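Once you know that position 373 of the sequence shown is 367 in the numbering used here, the rest is easy, because the numbers rise by one and skip nothing.
First up is the structure itself, then whatever we jot down about it.
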Amino acid sequence: MPRLTNIGCLATCANPVGQDDIGLIRDAALVWRDGVVRWTGPAAALPPEYRHEAEWDAAGRFVIPGLVDAHTHLAFGGWRAGEFADRIQGRDYLEIAAAGGGIKSTVRATRALDEDALLDRSRAFLSGMVSLGITTVEAKSGYGLDLETELRLLRVYRRLDEMGPARIVATCLAAHVVPPEWAGDRAGYVRLTTEEILPAVAEEGLADFCDVFVEDSAFSAAEARRICERGSELGLRPKLHVDQLTGGGGAELAASLGAASADHLEYVSEAGIDALAAAGVVGVTLPLASLYLNQAPPPARALIDGGVAVAVASDFNPGTAPSYHLPFAMTLACTRQRMAPAEVLKGATRYAARALGREGEAGSLEPGAAADFAVIDAPDVEHWLYHLRPNACVATVIAGEIRHGGLRGA
Ligand code: NIG
Ligand code: FE
């Protein structure tokens, strides 16, 4: 039963409430057994039964729960650097999409890859994420948009969850956009999703969640409702892409469907904020997407003040957020969303886990939670997110085992 000692500052994120309450303990110790946390507290108060256990040395550093990236599109084929350059020249994201680029171009590249090729690519991304301190990753399908390729993407996620290096929570995003072959029959594609894709996903147990991109250019609120209600019947809880490019009552829809999260929210309305708060839906903000699209960020302060738990995630995808650097997204959440560093840390740990239905298991260090943590070379959360470095994470531990870096004694 190892213990981690000489922790200069430990953020437990054990309190379910309080966006800025990260449960700081100075000069702390952390004890786990069989991959599960047994005890956290000031080192001076370590109970005698744990005093003779193997000692790992945090060298006075800052220790956090393993980061939880609550929104990624991890597996995809190709890249879209040309569109990045085109947008800089003034071409609009939706204009590029309407001309057959955007999501549709990634769908073409993804369909061309077999399961092993998709697995190799996403596993390499995942290793990079783990080196940054990330231990749980939500991963969406949505670049297949036919039965076979949607299942292929979700099978990749199941294999990654089994083989590591990180924990994966899978989401079926068959309703990302209407694929080209169904352009003349939207209702047909919605039927394919509700009658074939979602039932097959549920039958194989391949996803926990069902997502819909609710937007003029993707799916209407009525279509999203039909898809999410079917998902719910099949045991796939909704989480939605809403109010990203236009405001269309998406947050209100997410609240009325009992979604686990409403993601993006650049154009959320006041009524939408009230609805999210009343329904306990986590608001997942994606600072890299609003940065890359050069959009005003979502109103995180109004969300927090309105009583919404706000998460911060990467949205890693080849179009709007071609980076999985969650710590960079966290720094952006501070500067662009006016969130305090502690609020951001809660949003990338405990509240991110809540958005994935994993609160108390992932995203916090408390008895019964997974022994997933990261050791950060900074004195505290303010310094970490202020002094942005390529990587300040010196060790990542998942289920009590080192998966990146090293620690004396381990
Ligand atoms: O979260 N909004 C929809 N989906 C992605 C973008 C996907 C893409 O451009 O490939 C997003 O921003
Ligand atoms: Fe997304």
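Cβ coordinates follow ideal geometry from the N, Cα and C atoms, glycine included.
None of these values were measured; they are calculated from a predicted model.
Quick one: using the 10 Å Cβ neighbour count with 16 as the cut-off for buried, is residue i buried or exposed?
{"i": "His65", "result": "buried"}
{"i": "Tyr380", "result": "exposed"}
{"i": "Arg20", "result": "exposed"}
{"i": "Glu156", "result": "exposed"}
{"i": "Leu0", "result": "What sits at residue 0 in the sequence shown is Asn, not Leu. Buried is the call here."}
{"i": "Gln13", "result": "buried"}
{"i": "Val11", "result": "exposed"}
{"i": "Arg185", "result": "exposed"}
If you reduce the DSSP assignment to three classes, tell me which class residue i lands in.
{"i": "Val353", "result": "For the sequence presented, residue 353 should be read as Glu rather than Val. Glu353 falls in the strand class under three-state DSSP."}
{"i": "Ile16", "result": "coil"}
{"i": "Leu24", "result": "strand"}
{"i": "Glu360", "result": "coil"}
{"i": "Ala181", "result": "helix"}
{"i": "Arg402", "result": "strand"}
{"i": "Leu40", "result": "coil"}
If you follow the alpha helix (DSSP H) that residue i is part of, which residue opens it and which one closes it?
{"i": "Arg332", "result": "Per DSSP, Arg332 belongs to no alpha helix (DSSP H) and is neither H nor E."}
{"i": "Arg149", "result": "Leu141 to Met157"}
{"i": "Glu376", "result": "Val375 to Tyr380"}
{"i": "Glu246", "result": "Gly244 to Ser250"}
Beta-carbon separation of residue i and residue j under 7 angstroms?
{"i": "Val262", "j": "Asp237", "result": "yes"}
{"i": "Ala283", "j": "Asp309", "result": "yes"}
{"i": "Ala303", "j": "Val276", "result": "yes"}
{"i": "Ala69", "j": "Leu147", "result": "yes"}
{"i": "Phe56", "j": "Cys7", "result": "no"}
{"i": "Ile191", "j": "Leu230", "result": "no"}
{"i": "Tyr137", "j": "Thr100", "result": "yes"}
{"i": "Ala106", "j": "Gly71", "result": "yes"}
{"i": "Val375", "j": "Pro335", "result": "yes"}
{"i": "Ala164", "j": "Val124", "result": "no"}
{"i": "Pro292", "j": "Leu259", "result": "yes"}
{"i": "Glu197", "j": "Ala168", "result": "no"}
What residue range is occupied by the uninterrupted beta strand (DSSP E) comprising residue i?
{"i": "Pro36", "result": "Val30 to Pro36"}
{"i": "Arg397", "result": "Glu395 to Gly399"}
{"i": "Arg231", "result": "Arg231 to Val236"}
{"i": "His258", "result": "Ser255 to His258"}
{"i": "Leu167", "result": "Arg161 to Ala169"}
{"i": "Gly266", "result": "Looking at the DSSP string, Gly266 is not in any beta strand (DSSP E); the run it does join, the alpha helix (DSSP H), is Glu264 to Ala273."}
{"i": "Cys387", "result": "Cys387 to Ile392"}
{"i": "Arg383", "result": "Per DSSP, Arg383 belongs to no beta strand (DSSP E) and is neither H nor E."}
Sequence ranges, beta strand (DSSP E) only - wholly within the stretch 186 to 226, length at least 3:
203 to 207
Quick one: complete beta strand (DSSP E) runs, 3+ long, within the stretch 46 to 117?
49 to 51, 56 to 59 and 61 to 63
Would you list, in sequence order, the uninterrupted alpha helix (DSSP H) runs of no fewer than 4 residues that lie entirely inside the stretch 283 to 321?
294 to 299
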